[in-house]
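Working notes, beginning with the structure itself.
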Amino acid sequence: EQMAQVLHFDLVIRRKSDWRQFFTVWTDGRLDVNAAPADLLAAVTGAAHSKAVDMVTYLSGADGARNTSDDIRFGNLEEARLFLGISPAAWSALTTPLSLESPVVRMLSTGQSGPIKANLSMVVNRAVSPFTVLEQEQQ
641 EQMAQVLHFD LVIRRKSDWR QFFTVWTDGR LDVNAAPADL LAAVTGAAHS KAVDMVTYLS
701 GADGARNTSD DIRFGNLEEA RLFLGISPAA WSALTTPLSL ESPVVRMLST GQSGPIKANL
761 SMVVNRAVSP FTVLEQEQQ
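Mapping of the sequence shown onto my numbering: position 76 corresponds to residue 716, and the numbering continues sequentially without gaps.
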């Protein structure tokens with residue numbers, strides 16, 4: 641496990657033992673404003689935490705759950721900037737690049753036959769064709 645070598649990552653492991661379901665080191669370095677949690681949006685953009693929470697709630701759609709069919713997605717970064725109430729000057733000064741969709745995604749699949757159950761987790765890069773499997777784990 642390379643992540644165990646990261647300074648203080650043991651704190652993450654102790655607090656969130658299933659961290660692998662939510663975190664990957666495979667990234668293109670940009671923050672996906674349509675998928676980022678409120679805490680991260682506020683920290684990266686400097687927006688008020690309440691605005692970031694409102695944005696995540698809005699993007700979650702009518703059912704209030706993330707990653708479901710009724711989710712709303714911003715079509716451009718300007719929509720996100722306006723929603724968060726950030727000035728154009730502050731937005732252009734951000735040091736973390738932002739995006740509308742990450743090309744790197746985690747796919748989870750569960751199969752079951754009688755009492756036998758298997759889980760497959762794959763991290764894939766959709767920016768290339770055919771897509772590239774960056775990581776695969778079966779449980």
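Glycine is no exception: its CB is placed at the ideal position from the N, C-alpha and C atoms.
Next item on the list: Could you work out which residue in F771, K757, I756 is closest to V763 when comparing CA atoms only?
Entry: F771
Notebook entry, point to check: Who pairs with A758 in a beta bridge, going by DSSP?
Noted result: G751
Next item on the list: Using the Cα positions of G751 and A730, report the straight-line distance between them to the nearest angstrom.
Entry: 47 angstroms
Item checked: Beta-carbon proximity list for I712, same chain, < 7 angstroms, skipping 5 on both sides -> Y698, L699, G701
Notebook entry, point to check: What does DSSP give as the partner residues of S657 in its beta bridges?
Noted result: Per DSSP, none; premise fails for S657.
Note to self: Here's a check: name, in chain order, each residue in its chain whose Cβ is nearer than 6 angstroms to the Cβ of R706, leaving out the five neighbours to either side.
What the structure shows: S700
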